[in-house]
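These notes are about the structure you will find just below.
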Amino acid sequence: MIPSIPATPHPDERRDVILRTSGLTKYFGTLKAVDNLNLEIRRGEVFGFLGPNGAGKSTTVGMILNLVEPTSGTIEIFGRNLKDDPWAALRRIGAVIESPAFYPYLSGWDNLEALAISIGNVTRAKITDVLERVNLLDRAKDKYGNYSLGMKQRLGIASTLLRDPELIILDEPTNGLDPAGVKEIRDLIPQLAHESRAVVLCSHLLHEVELVCSNVTIIKQGVTLVTDAVQQLVTRGQTLEIKVNDLAGAANLLSSLPWIKSVKIAGERLMVEMPPERAADVNQALAEHGLYASELVNRNTGLEDIFLQLTGGTSVD
Amino acid sequence: MINLIRSEFFKLRKRGMTWTLLYIMLGIMVLINIILYAVSKISLPNGEPGHLANLSSILSLQSSIPFTFSILSSFGAVMAVILMASSVGNEYNWRTIRIALISGKGRLQLLGAKLITVIVLVIIGMLASLVVGFIMSMVTNTIGGHALDFGFFTGSYLWHQFLQFWRTLFVILPFTFMGFLFAVIGRSAMPGIAIGVGILFLEPIITGLMGLASGWVSRIPDYLFAANVDAINALNGLPAGPGPFGGGTATQTASTAFTVLGAYIVVFLVVAFYLFRKRDVTG
């Protein structure tokens, strides 16, 4: 199927915004599942979408994929309101939602062939190509019902690639994969984004998200807690751990420095929240006042710590 | 739409259950012919054969096609309900509905493709049953020592059977679409199968009891399925036989029967399509 491409590109298409939600809200009865969500995802970007169980991630993905009707707000995909022509937009999206689901009585190959027939204009060579890409070609003729969870995940990713989508949504793509499989998928995701696509990644493996995502939104109970570049978030939480003989004196001294955000005594060490590039300045300041540090360690606060801080320590979906 | 229909055919062709239902239907055709042939050979002690006398005529080569239609309108409907409800309902059971819905085709197109595919498969099943029923009739007639006379194959006979083919399909459709509707409502194959097949078998019993009453209660069955199915089946001119095997007597006019069943077909389809188009797909 050839995607319908307008003669004059919409301004958003020129600016490479692939997906934009504005004030997206969904109620199920009286329960507010998603509250005023604003997202913006650009071509070439791997976007992390995180939240604890029941945060509203799947509902949001469902609304983007026209499976769930928003109560209010708009979704623009490729610069066009999703409501205007959802089918044209969906033809440019590939998605694995929650866990991959295929016909258990069909082989992996047949499942992709059934999908390829319904899409139209997908060659058998393309099916071979996508199966090869997710390392599943040698098991393609096995029944899907006999696949391991990891194989199912890989088939799910293969199915999204059948039509060369411009936006790929992957919900927990590394579920059930062994460490080698996780690495394969982790390596594959940035590749996908570099092929002029955008990838939305919902994952509970925050370390993976940190490694592959450029931007991230964290939501809880349908409300956006933070949207920022991953690097920015991680840097924001960086601390310097200092072992020094006079903890109280060092704490007083460092607290007086204007570029230090906070100083805490944790056991026999000081935890100093500050820009990481100024560690040498700290050392110099201490030495000038006769305080000698025996250890100076830069501690990066991982995305997981940020996530737990923001969500109040709830488990990740 | 064509691609979706091709995809549905691909999936149903590869599915063991589709072939199992066909083999069961053909097996039923073989079994019923054998049983009726065996029963037709029974000599009753009082010399009064009653309905049994008509069995020979039901088993005659000329009656084999109308007889097959009669069987198809009951057992065939069961197979059609199972096929239809599982085609829609299993998409929910296996959670493949989401893949189908995000493939970039309209929801109504998807449901329409399923509907068309199942109807075509039902037609193929009916044709296969006719072939098997006719072959079985040839076998029983040969065993019974009757000469195989194909002289009844006139233009008028074939035209009548052609019409009856579509009438039989028409009486199967309300049950099939009921299965379709309840599979959509229940988001599973089971409600569709249970309600479609349940109504098919329980309704004649319930309406039989209603018929014993007087006043408006006794007229309710005229607006349900069985009486109207019987009225259309009666058009096939099959001689009366024991139980369900043979032509019955109609209490409804054919035109009323077509109107009532047609109304059911429309209502089931409209509600199913409306719900499918509007509802959120979650979980």
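As they're listed, the protein sequences go chains A and B. When you line the first sequence up against the working numbering, it's residues 1 to 317, in that order. When you line the second sequence up against the working numbering, it's residues 318 to 600, in that order. Yeah, the Cβ is synthetic: ideal placement off N, Cα and C, and Gly gets one too.
| said: Within 8 Å of any Cβ in chain B, is that where the Cβ of residue 11 (chain A) sits? | reply: The predicted position of residue 11 (chain A) is uncertain, since its pLDDT is 47 and thus under 50; no value can be drawn from it.
| query | Which residue's Cα is closest to the Cα of residue 204 (chain A): A:193, A:190, A:219 and A:197? | reply | Selected option, being the one with the closest Cα: A:219.
| Less than 8 Å separating the beta-carbons of residue 50 (chain A) and residue 307 (chain A)? | Residue 307 (chain A) is positioned such that its CB atom lies closer than 8 Å to that of residue 50 (chain A).
| Going along the segment 324-337 of chain B in order, which residues come within less than 7 Å of chain A, judged by CB to CB distance? | Legend: CB atoms of the segment 324-337 of chain B lying less than 7 Å from CB atoms of chain A belong to residues 324, 327, 328, 331, 332 and 333.
| task | Measure from the alpha carbon of residue 83 (chain A) to the alpha carbon of each residue in A:64, A:100, A:93 and A:101, then state which is nearest. | result | Comparing Cα positions, the closest option is A:64.
| field | Distance between residue 275 (chain A) and residue 422 (chain B) (C-alpha atoms, nearest Å) | value | Cα-Cα distance, rounded: 51 Å.
| query | Out of curiosity, what's the CA-to-CA distance linking residue 472 (chain B) and residue 386 (chain B)? | reply | Approximately 19 Å, taken between the alpha carbons.
| message | I'd like to know if the segment 52-69 of chain A and the segment 118-131 of chain A are in contact, where contact means that at least 3 CB-CB pairs between them fall below 8 Å. | response | They do not touch, by the three-pair rule.
| query | Using 8 Å as the Cβ pair cut-off and three pairs as the minimum, do the segment 478-492 of chain B and the segment 536-551 of chain B touch? | reply | Counting C-beta pairs closer than 8 Å gives three or more between the segment 478-492 of chain B and the segment 536-551 of chain B, which meets the contact rule.
| field | Residues that residue 422 (chain B) contacts on chain A, provided the C-beta gap is smaller than 8 Å | value | Per Cβ cutoff of 8 Å: 87 and 118.
| Which residues in the same chain have their Cβ closer than 6 Å to the Cβ of residue 397 (chain B), if we skip the five residues on either side of it in sequence? | Excluding five sequence positions before and after residue 397 (chain B), the CB atoms of its chain that fall closer than 6 Å to its own CB belong to 439, 489 and 493, given in chain order.
| said: Quick check on the DSSP output: the alpha helix (DSSP H) that includes residue 129 (chain A) runs from which residue to which? | reply: Note, residue 129 (chain A): alpha helix (DSSP H), 124-133.
| query | Any idea if residue 197 (chain A) is buried or exposed, counting beta-carbon neighbours within 10 angstroms, 16 or more meaning buried? | reply | Under this definition residue 197 (chain A) is a buried residue.
| field | Residues near residue 584 (chain B) by beta carbon distance below 7 Å, same chain, minus five either side | value | Excluding the 5 residues flanking it on each side, residue 584 (chain B) has no same chain C-beta neighbour closer than 7 Å.
| request: Tell me whether the beta-carbon of residue 420 (chain B) lies closer than 8 Å to the beta-carbon of residue 119 (chain A). | output: For residue 420 (chain B) and residue 119 (chain A), yes; Cβs fall inside 8 Å.
| query | Would residue 411 (chain B) count as contacting chain A if we go by Cβ distances under 8 Å? | reply | Interface flag for residue 411 (chain B) against chain A is set, since a Cβ pair is found closer than 8 Å.
| request: Go to residue 447 (chain B), then tell me how far its alpha helix (DSSP H) extends in each direction, as first and last residue. | output: Looking at the DSSP string, the run of the alpha helix (DSSP H) that includes residue 447 (chain B) is 424-460.
| task | Residues of the segment 51-82 of chain A with a CB closer than 7 Å to any CB of chain B: list them in chain order, please. | result | Identification of residues in the segment 51-82 of chain A having a C-beta nearer than 7 Å to some C-beta of chain B yields 62, 65, 67, 68 and 69, given in sequence order.
| task | Kindly indicate which residue of A:152, A:98, A:48 and A:74 has the alpha-carbon position closest to the one of residue 345 (chain A). | result | An answer regarding residue 345 (chain A) cannot be provided, because it is not within the stretch 1 to 317 covered by chain A.
| task | Examine chain A for any beta-carbon lying closer than 8 Å to the beta-carbon of residue 321 (chain B), and answer yes or no. | result | Yes, because at least one Cβ of chain A sits closer than 8 Å to the Cβ of residue 321 (chain B).
| request: Check whether the segment 467-482 of chain B touches the segment 530-545 of chain B, counting contact only when three or more Cβ pairs, one atom from each stretch, lie closer than 8 Å. | output: Pairwise C-beta distances place the segment 467-482 of chain B out of contact with the segment 530-545 of chain B, as fewer than three of them are shorter than 8 Å.
| query | If you drop the 5 nearest sequence neighbours on each side, which residues of the same chain put their C-beta closer than 6 Å to that of residue 401 (chain B)? | reply | Once the five neighbours on either side are set aside, the close Cβ partners of residue 401 (chain B) are 435, 493, 496 and 497.
| said: Determine whether the beta carbon atoms of residue 199 (chain A) and residue 157 (chain A) lie at a separation below 8 Å. | reply: Not closer than 8 Å, so no.
| In chain B, what lies closer than 8 Å to residue 115 (chain A) by C-beta? | The CB of residue 115 (chain A) comes closer than 8 Å to the CB of 324, 416 and 420 in chain B, given here in chain order.
| said: How far does the beta strand (DSSP E) with residue 268 (chain A) in it extend, from its first residue to its last? | reply: Per DSSP, residue 268 (chain A) lies in no beta strand (DSSP E) segment and is marked neither H nor E.
| Local conformation of residue 229 (chain A) per DSSP, three classes | Strand at residue 229 (chain A).
| query | With distances taken from CA atoms, which of B:399, B:351, B:388 and B:412 is nearest residue 329 (chain B)? | reply | In terms of Cα proximity to residue 329 (chain B), the closest of B:399, B:351, B:388 and B:412 is B:399.
| field | Of the listed residues B:455, B:332, B:408 and B:349, nearest to residue 378 (chain B) (C-alpha basis) | value | Checking every option, the nearest Cα to that of residue 378 (chain B) belongs to B:455.
| query | Among the residues of its own chain, which have a CB less than 7 Å from the CB of residue 100 (chain A), if the five just before and after it don't count? | reply | Only 152, 153, 155 and 156 meet the Cβ criterion.
| task | Answer yes if the segment 444-454 of chain B comes into contact with the segment 334-349 of chain B, meaning at least three C-beta pairs across the two stretches below 8 Å, and no otherwise. | result | Touching, yes.
| query | Looking at the unbroken beta strand (DSSP E) that takes in residue 27 (chain A), where does it start and where does it end? | reply | Its beta strand (DSSP E) spans residues 17-28.
| said: Measuring straight from C-alpha to C-alpha, what distance separates residue 23 (chain A) and residue 166 (chain A)? | reply: Straight-line Cα distance between these residues: approximately 23 Å.
| request: Measuring only between beta-carbons, confirm whether residue 171 (chain A) sits less than 8 Å from chain B. | output: Contact of residue 171 (chain A) with chain B is not assigned, every C-beta pair being separated by 8 Å or more.
| field | Complete runs of the alpha helix (DSSP H) confined to the segment 125-196 of chain A [at least 4 residues] | value | Segments of the alpha helix (DSSP H) lying fully in the segment 125-196 of chain A: 149-161 and 179-194.
| query | Along the segment 135-150 of chain A, what residues have a CB closer than 9 Å to any CB found in chain B? | reply | Answer set for the segment 135-150 of chain A: empty.
| task | Within its chain, find whatever has a CB closer than 7 Å to the CB of residue 321 (chain B); leave out the 5 residues flanking it on each side and keep chain order. | result | 422, 426, 427 and 430, listed in sequence order.
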